[in-house]
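**Student:** For the sequence shown, our numbering gives the first residue as 340, with consecutive numbering after it. Yeah, the Cβ is synthetic: ideal placement off N, Cα and C, and Gly gets one too.
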Amino acid sequence: MTGRGGWIGLLYLTPALLFVGAFVLYPLGQLVYLSLTSSSLLGGSEFIGLRNYIRAFTDQTFWHSLQFTIKYTVYITPILMGLGYLLALLTAGTGAIARFTRAVVFLPVVIGLGSSSLLWFWLFDQQVGLFNKLLQDLHIVSQPVVWFVDADVGLWAVIISVVWKVVGFGMILFVAAIQSVSPEINEAALIDGAGYWQRVRKVTLPLTYRTILLTTLISAIGSMLAFDQFYIMTSGGPKSETFTSVYWMYQNSFIYFKLGYGATLSIILMAIVFIAAAVQIALTRRGAVR
340 MTGRGGWIGL
350 LYLTPALLFV
360 GAFVLYPLGQ
370 LVYLSLTSSS
380 LLGGSEFIGL
390 RNYIRAFTDQ
400 TFWHSLQFTI
410 KYTVYITPIL
420 MGLGYLLALL
430 TAGTGAIARF
440 TRAVVFLPVV
450 IGLGSSSLLW
460 FWLFDQQVGL
470 FNKLLQDLHI
480 VSQPVVWFVD
490 ADVGLWAVII
500 SVVWKVVGFG
510 MILFVAAIQS
520 VSPEINEAAL
530 IDGAGYWQRV
540 RKVTLPLTYR
550 TILLTTLISA
560 IGSMLAFDQF
570 YIMTSGGPKS
580 ETFTSVYWMY
590 QNSFIYFKLG
600 YGATLSIILM
610 AIVFIAAAVQ
620 IALTRRGAVR
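Dropping the structure here:
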């Protein structure tokens, strides 16, 4: 029976295994092979071994783009987590106002990232942008601000647009975690004389720790793979200073037609993200044990 049950279980798993093999393992194998060639969109391909990897480790633009991507991730992730959790605390109730507020904050999540980036690009526009108009009407600036002529200012403009777009996603996850906390625990803390922020710090935060780490992981991975917002809003400028890692892969693969080298860069970034995710998952498990 045990052997028969095992074969039946394997039979049920076959569709999933075929799907993983066809749409995950096979493309991944092709990507690895492509990274070992000089393949080009213009035609021609030659096996060159590890030369693309050697080139990547001496590619200053790639390492600058990776540094910029990490900087962007380090800046935006705490903002998304902190603001998302604060909004969740404010809207975790079951009243009509709380539900309406959650819906309004979550609404931008359903908008495509490309569309929202284009919207914010026009809001920051030097000539017709709403923000320049407001700043001038309030006499904060005398001349329109050129938001994307400076890499640091452009970075913060992108961060503002992305926070508006995705903060609702984290908020919803945090609301679900906060609502799952047993009311009896909060009532016991209240009877013991704990104030609101004491209950948040001593009860709510520890009991939602795993959700916080999971949401942080999702946010960090998404930030490490940033492309659309920088492609639309900064175009990698000025002077390639806002190139993200994925943007540099795109440049090499589809602008310079170097598919092999682009595949190499993607594998290196995938390895970096995988290692970071493994560390985060380990922390999540440790939090669950605690």
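(1) Under 8 Å by Cβ, that's how I've got residue 462 and residue 468 pegged, so tell me the actual separation to the nearest angstrom.
(2) What number of angstroms, rounded off, separates the C-alpha of residue 607 from the C-alpha of residue 373?
(3) Can you name, in chain order, every residue of its own chain whose Cβ lies under 7 Å from the Cβ of residue 568, other than the five neighbours on each side?
(4) If you measure between the beta carbons of residue 538 and residue 546, is that distance less than 8 Å?
(5) Go ahead and pull the three-state DSSP assignment for residue 386.
(6) Run the CB neighbour count on residue 346, radius 10 Å, all protein chains shown included, and call it buried at 16 or more, exposed below.
(7) When you compare each of 619, 397, 526 to residue 604 by their alpha carbons, which one comes out closest?
(8) How long is the line joining the alpha carbons of residue 535 and residue 522, rounded to whole angstroms?
(9) Who pairs with residue 376 in a beta bridge, going by DSSP?
(10) Do residue 431 and residue 517 have their CB atoms nearer than 8 Å?
(11) To the nearest angstrom, how far is the alpha carbon of residue 601 from that of residue 440?
(12) Is the stretch 416 to 430 touching the stretch 552 to 565, taking contact as three or more C-beta pairs under 8 Å?
(13) Taking all protein chains shown into account, do 16 or more other C-beta atoms lie within 10 angstroms of the C-beta of residue 609, making it buried, or fewer, making it exposed?
(14) Cα separation between residue 454 and residue 514?
(15) If I follow the unbroken alpha helix (DSSP H) through residue 442, where does it start and stop?
(16) Would you mind sorting residue 598 into buried or exposed? The rule is 16 or more other CB atoms within 10 Å of its CB.
(17) Mapping the DSSP letters down to three states, classify residue 541 as helix, strand or coil.
(18) Please say whether residue 504 and residue 577 have beta carbons closer to each other than 8 Å?
(19) If contacts are defined as beta-carbon pairs under 8 Å, then residue 388 and residue 375 qualify, I think. What distance do you get, rounded to the angstrom?
**Tutor:** In short, the structure shows the following:
(1) Right, the Cβ-Cβ distance comes to about 5 Å (below 8 Å), so this counts as a contact.
(2) 13 Å
(3) So the qualifying residues of the chain are 452, 456, 497, 500, 501.
(4) no
(5) strand
(6) In the assembly as shown, residue 346 is an exposed residue. Its beta-carbon has fewer than 16 other beta-carbons within 10 Å.
(7) Closest by alpha carbon: 397.
(8) 13 Å
(9) Bridge partners of residue 376: 386.
(10) yes
(11) The C-alpha of residue 440 is placed about 43 Å away from the C-alpha of residue 601.
(12) Cβ pair count under 8 Å is three or more, so yes.
(13) exposed
(14) 27 Å
(15) 435 to 445
(16) Under the 10 Å beta carbon count, residue 598 is surrounded by 16 or more other beta carbons and is classified as buried.
(17) In this structure, residue 541 counts as helix in the three-state DSSP scheme.
(18) no
(19) In this structure residue 388 is in contact with residue 375, their Cβ atoms being roughly 6 Å apart against a cut-off of 8 Å.
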